[in-house]
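Protein chains in written order, with our numbering: chain A, 13 to 373; chain B, 945 to 1248.
Structure record follows, encoded as structure tokens.
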């Protein structure tokens, strides 16, 4: 198999290298050596069992939000609201988790996960309906619902769910049977990681091997063409939006049941937005999302250890994420332009910009 | 009466960053580019303005720094969407993530998590001071006067009446025709995005330099997204966008004042805080149905 200079793995690695070259600037300003810094970001977390497991812990929520975003983007539905949908899933999990104490885990966990998925899907429903019924841009409505979801969390934590004893803005601890069990003793790696891998595998199968997946991809590549081929594009978009919201909701469940064991105000440091980085870096494919999530988890753990060892503020992690997103999407666009130089760019290519890169070829 | 005067004064004050942001986003979108980098551009403007004013003691230098940062942010957005032809949604989100990260990174380096630093807020000027109690409505920061009396009319004139504005609208509606008529599409979009970026950054700097006199994390808190919604609500017209900003700000200012009224105090105030966002979504649902987007919205332009 010949590897072209513009094949996806080469392109992604190039994006990472360009990103590192650009972010060397702020690292030097912070008074550190960029080479040492990148070694600390990328390599150091992989060198001990403890940090390796922590990488997987921090990859878990963004693997789920990445899958959620990728599914929506593949359909040409610009769900930028995974952050809010995640928070609704977390609220549902924190509520249900305190009520299922009498049930064995085999019942408690599916009820809680299902409730979180419903919560995320419910938060995704209004923008999706406004889009397919009235043509109202989902980008704005999904974005605006993110701060609303955060206000809902804070309203609950400062109101009805405030800890009655300590007065802390934290919800009551969920029941033991609703907590995700640890996968490995004395580590924080929990059932959520397996759940994320299973969801990735199922989503990959559905997208690649079923008629519903074909309709979804067709709608994303060319809504006009899909409509011409007899596909109900509105229904496809609605379905993609709800599945996307449900998976983002499960990310919230995973953080509540696997890490926090309760609802807290700082539950998500922007996992929904990081999901967009993961989805794009993974070129909207499910295996790509899994790898990209683990890579960004590696960077996150690396950035927090570099903050301690090298004195680089850990906020550099967000800078790297932003620049990585920009370089990846720029390289994808340049490649697309090279391959379709004569394409005048119809409506389909608008969403196809990212989605087309995901086609096997 | 005092309640009403106070409410209207707050409405003008809180609308100011939204007016700058909405006008800036209108320029971007009329040229055919949805700039979701607005949230990050406002954030970076707020931080750069504050840090420069703190370091130099001059709010005017702070404002100048914010404008430079805004122009730079607009240029990066143009590089992504015009030169590379990259996806506009993803580019904008990437710009926002990167700029918020960079601002917080610099904030950490400069202020090292120490106690909250302050700058002297810009002074309040009132050309209508002789009107007694009602005149207090016009106790406003200079940047608010500039927004309503200078920026809005000038931006409207430039976009609707000047030949440069015609070029912006042309490359946003039909870049092929504009190109055939001799308009440099790429250059026009770069300029529109850089002007828009400067305005967004001034909106952010208004919050740190005038409204608060300090910089805190999450200082923009979704105002940029609100501006994107207001542009659609205003159907890409500057005047209607400004009216939308005033309406949003009225609801926003009202909910703050409702909290201290009897009967409302028992509601969790977060519910009231969410009200303006829900109102703007509701307004979009009513007024934004099947609106006519700029013809070349989201489409990169390449000569064939």
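Ideal Cβ positions, reconstructed from N, Cα and C, are used throughout, including at glycine.
Quantities reported herein were computed from a predicted structural model and do not represent experimental measurements.
In this structure, the beta-carbon distance from residue 86 of chain A to residue 249 of chain A does not fall below 8 Å.
Under the Cβ criterion (8 Å, minimum of three pairs), the stretch 1148-1158 of chain B does not count as touching the stretch 1069-1077 of chain B. Between residue 961 of chain B and residue 1151 of chain B, the C-beta spacing is below 8 Å. Fully contained in the stretch 39-124 of chain A are the following alpha helix (DSSP H) runs of length 4 or more, in chain order: 46-50, 61-86, 94-111. Counting along the chain, no alpha helix (DSSP H) covers residue 1205 of chain B, and no H or E run does either. In the three-state reduction of the DSSP assignment, residue 1068 of chain B falls in the strand class, which pools E and B.
Residue 69 of chain A has a beta carbon lying at 8 Å or more from every beta carbon in chain B. In chain order, 1150, 1154 place their CB closer than 6 Å to the CB of residue 1087 of chain B, counting only its own chain and leaving out the 5 sequence neighbours on each side.
If you draw a straight line from the Cα of residue 151 of chain A to the Cα of residue 1009 of chain B, it comes to about 30 Å. Closest in alpha carbon position to residue 258 of chain A, among A/25, A/95, A/71, A/32, is A/95. For residue 1062 of chain B, the secondary structure class from DSSP, reduced to helix, strand or coil, is strand. The C-beta separation of residue 83 of chain A from residue 1233 of chain B comes to about 27 Å, leaving the pair out of contact by the 8 Å criterion. Of the residues assessed, residue 1167 of chain B falls on the buried side of the cut-off, its CB having 16 or more other CB atoms within 10 angstroms.
Straight-line measurement puts the Cα of residue 134 of chain A at about 26 Å from the Cα of residue 1199 of chain B. Ranked by Cα distance from residue 1023 of chain B, the first of B/1137, B/957, B/969 is B/1137. Taking 8 Å as the cut-off, the beta carbon of residue 1147 of chain B is found closer than this to the beta carbon of residue 965 of chain B. For residue 1004 of chain B, the enclosing alpha helix (DSSP H) begins and ends at 1003-1022. For residue 285 of chain A, the residues of chain B that pass the 9 Å Cβ criterion are 1037, 1040, 1041, in the order they occur in the chain. DSSP, read as helix, strand or coil, puts residue 992 of chain B in helix. The Cβ neighbour count for residue 143 of chain A, taken over all protein chains shown within 10 Å, is at least 16; the residue is labelled buried.
Chain A places no beta carbon closer than 8 Å to that of residue 1009 of chain B, leaving this residue out of the contacts. Residues of chain A whose Cβ lies closer than 8 Å to the Cβ of residue 1033 of chain B are, in chain order, 90, 92, 151. The DSSP-derived three-state label of residue 1085 of chain B is strand. At least 8 Å separates the beta-carbon of residue 1034 of chain B from that of residue 1130 of chain B. Burial is judged here by how many other beta carbons sit within 10 angstroms of a residue's own beta carbon; residue 1051 of chain B has at least 16 and is buried. When the five nearest sequence neighbours on each side are left out, the beta carbons in the same chain lying within less than 7 Å of the beta carbon of residue 1196 of chain B are those of 958, 1220, in order along the chain. Residue 967 of chain B places its beta carbon less than 8 Å from that of residue 1096 of chain B.
Within the DSSP bridge table, the entry for residue 1120 of chain B names no partner. For residue 1234 of chain B, the neighbours in chain A by C-beta distance under 9 Å run, in chain order, 146, 147, 148. Among the residues facing chain A, residue 1059 of chain B is not included, as its CB has no counterpart in that chain under 8 Å away. A straight line joining the alpha-carbon of residue 129 of chain A with that of residue 292 of chain A spans about 23 Å. Burial state of residue 223 of chain A is exposed, judged by a 10 Å Cβ sphere holding fewer than 16 other Cβ atoms. Not flagged as an interface residue toward chain B: residue 45 of chain A, since no C-beta distance is shorter than 8 Å.
Distance between residue 74 of chain A and residue 284 of chain A, taken at the CA atoms: about 7 Å. Straight through space, the alpha carbons of residue 1012 of chain B and residue 159 of chain A are spaced by roughly 28 Å.
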